[in-house]
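Just so you know, the sequence shown maps onto residues 700 to 982 in my numbering. C-beta: ideal position from N, C-alpha, C; glycine also. These figures come from a predicted structure and were not determined experimentally.
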Amino acid sequence: MDLQAYRRCIGQQLEELDLLSSIYCAAGELQLLDAGVVADFSEFLQSESETSLRSHLEYIIRLPVTAKQCVDVRIELPHLYPQLELARISVHTPLLGKIKEQHLKLQIDKYLLEQRQAEEPYIFQLLSWLQEQIEALMSCTSSELESPPSEESKDPKGMQLERLWIYSHHIKSSAKRQELMRQARQLQLTGFSRPGKPGIICVEGEPENVQEYWRSIKALRWQKISLVRTEPCRKRRFEQFTEQLFNSSAAVGEEGVINMGQFIRFLEDHGTGYMKSELFGLA
Numbered sequence: 700m701d702l703q704a705y706r707r708c709i710g711q712q713l714e715e716l717d718l719l720s721s722i723y724c725a726a727g728e729l730q731l732l733d734a735g736v737v738a739d740f741s742e743f744l745q746s747e748s749e750t751s752l753r754s755h756l757e758y759i760i761r762l763p764v765t766a767k768q769c770v771d772v773r774i775e776l777p778h779l780y781p782q783l784e785l786a787r788i789s790v791h792t793p794l795l796g797k798i799k800e801q802h803l804k805l806q807i808d809k810y811l812l813e814q815r816q817a818e819e820p821y822i823f824q825l826l827s828w829l830q831e832q833i834e835a836l837m838s839c840t841s842s843e844l845e846s847p848p849s850e851e852s853k854d855p856k857g858m859q860l861e862r863l864w865i866y867s868h869h870i871k872s873s874a875k876r877q878e879l880m881r882q883a884r885q886l887q888l889t890g891f892s893r894p895g896k897p898g899i900i901c902v903e904g905e906p907e908n909v910q911e912y913w914r915s916i917k918a919l920r921w922q923k924i925s926l927v928r929t930e931p932c933r934k935r936r937f938e939q940f941t942e943q944l945f946n947s948s949a950a951v952g953e954e955g956v957i958n959m960g961q962f963i964r965f966l967e968d969h970g971t972g973y974m975k976s977e978l979f980g981l982a
């Protein structure tokens, strides 16, 4: 792993936590879910070796929205927040009904996506924004909120799709790379393949086509190939099937060492950031 990137991000997380602790300093306003993480992070920053990072920094902030009412905001920070990964935010409150909660969740997701290029911590700014959003929601009626149909409801057949994640020891053969592309396009699948070492393939589409793709490519000669995850889905995350190098320094067509920052950003941009853990063991 890029140790310096982890050190920068962990250092920023501790500095931000110190700032928030000085602002939300009343009893019960800021609750660490695992206080031992702070000590682990401090040890990691002081250690010269590649000490493994186990837990994330997680805390709950009790955010006042009226003189007597508060909401609990749960914050989970991946190890590469804020520079390469997005914070995970959830709001727990009985003050909002189901429609307002759904609306708020969509707004939070949109806000976080706008932070994809952020290099500095943004939790304090997010909390200020969140306070305004919740106050506005409490003062309006559910009928006033726009409820555009979701991507799932746009499918009249309610078609169930499937997504496969495949991990290979390497993908180097030009013939094999062309076959991966040909099969995906023939079966009308979307996703991506990452040549080099390791090789990563993601395909999504109609279940029978996805399974046919797996049967076909598995029959090719591989040093090692495995199916990491099969997941049902109601909408595609990718517009087409492409080959992605994730290696800014490589020449066109050359497979170099994977740039983990580029890869994580790509996953986050397509709503599949959760896969970095299963593919590489990154928490």
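Could you tell me whether the region 871 to 888 touches the region 915 to 922, using the rule of 3 or more Cβ pairs below 8 Å?
The region 871 to 888, when compared against the region 915 to 922, does touch it at the 8 Å Cβ threshold.
Beta-carbon contacts of residue 884 that lie in its chain and below 7 Å, excluding the five residues immediately before and after:
On the sequence shown, position 185 is the one that residue 884 refers to. These residues qualify, in order along the chain: 940.
Which residue from 819, 799, 760, 737 puts its Cα closest to that of residue 753?
Sequence index remark: in the sequence shown, residue 753 carries index 54 (1-based). Ranking 819, 799, 760, 737 by Cα distance to residue 753 puts 737 first.
Rounded separation between residue 722 and residue 932 - CA only
Along the sequence shown, read from residue 1 onward, the residue named residue 722 stands at position 23. Along the sequence shown, read from residue 1 onward, the residue named residue 932 stands at position 233. Near 41 Å, if we compare the C-alpha coordinates of residue 932 and residue 722.
Proximity winner among 704, 879, 759, relative to residue 720 (alpha-carbon distances)
On the sequence shown, residue 720 is found 21 positions in, with the first residue counted as 1. Taking only the C-alpha atoms, the option nearest residue 720 is 759.
Assuming contact is defined by CB atoms lying nearer than 9 Å, are residue 831 and residue 894 in contact in what I supplied?
Locating residue 831 in the sequence shown gives position 132, where the first residue counts as 1. Locating residue 894 in the sequence shown gives position 195, where the first residue counts as 1. No, Cβ-Cβ distance for residue 831 and residue 894 is not below 9 Å.
Check residue 791 in the structure and name its three-state DSSP category.
Working through the sequence shown from its first residue, we reach residue 791 at position 92. Residue 791 falls in the strand class under three-state DSSP.
From 726, 733, 746, 717, pick the residue whose C-alpha is nearest to that of residue 703; which is it?
As a working mapping, residue 703 is identified with position 4 in the sequence shown. Selection 726, 733, 746, 717 evaluated against residue 703 yields 746 as nearest (Cα-Cα).
Thinking C-alpha only, which one of 740, 775, 815, 733 is nearest residue 705?
Residue 705 sits at position 6 when you count from the first residue of the sequence shown. When only C-alpha atoms are compared, the closest one is 740.
Endpoints, the alpha helix (DSSP H) within which residue 893 is located:
One-based indexing of the sequence shown puts residue 893 at position 194. Not the alpha helix (DSSP H): residue 893 falls in the beta strand (DSSP E), residues 889 to 893.
Pull up the distance between the alpha-carbon of residue 1031 and that of residue 971, whole angstroms please.
The chain is shown only over 700 to 982; residue 1031 falls outside these bounds and no answer can be derived.
Per DSSP, what kind of secondary structure is residue 965 in: helix, strand or coil?
Translated into positions along the sequence shown, residue 965 becomes position 266. Helix at residue 965.
So, at 7 Å on beta carbons, what are the nonlocal neighbours of residue 729 in its own chain, with the 5 sequence-adjacent residues on each side left out?
For this step, residue 729 is matched to residue 30 along the sequence shown. Closer than 7 Å at Cβ, skipping near neighbours: 719, 720, 723, 758, 760.
Give the straight-line distance between the Cα atoms of residue 1012 and residue 788, rounded to the nearest whole angstrom.
A question about residue 1012 goes unanswered here, because the residues of the chain that appear run from 700 up to 982.
Could you work out which residue in 938, 717, 798, 780 is closest to residue 816 when comparing CA atoms only?
The residue given as residue 816 occupies position 117 in the sequence shown. The closest CA to that of residue 816, considering only 938, 717, 798, 780, is found on 780.
List the whole-angstrom C-beta distance separating residue 924 from residue 867, where the pair is believed to meet the contact cut-off of C-beta under 8 Å.
Walking along the sequence shown from the start, residue 924 turns up at place 225. Walking along the sequence shown from the start, residue 867 turns up at place 168. Confirmed, about 5 Å.
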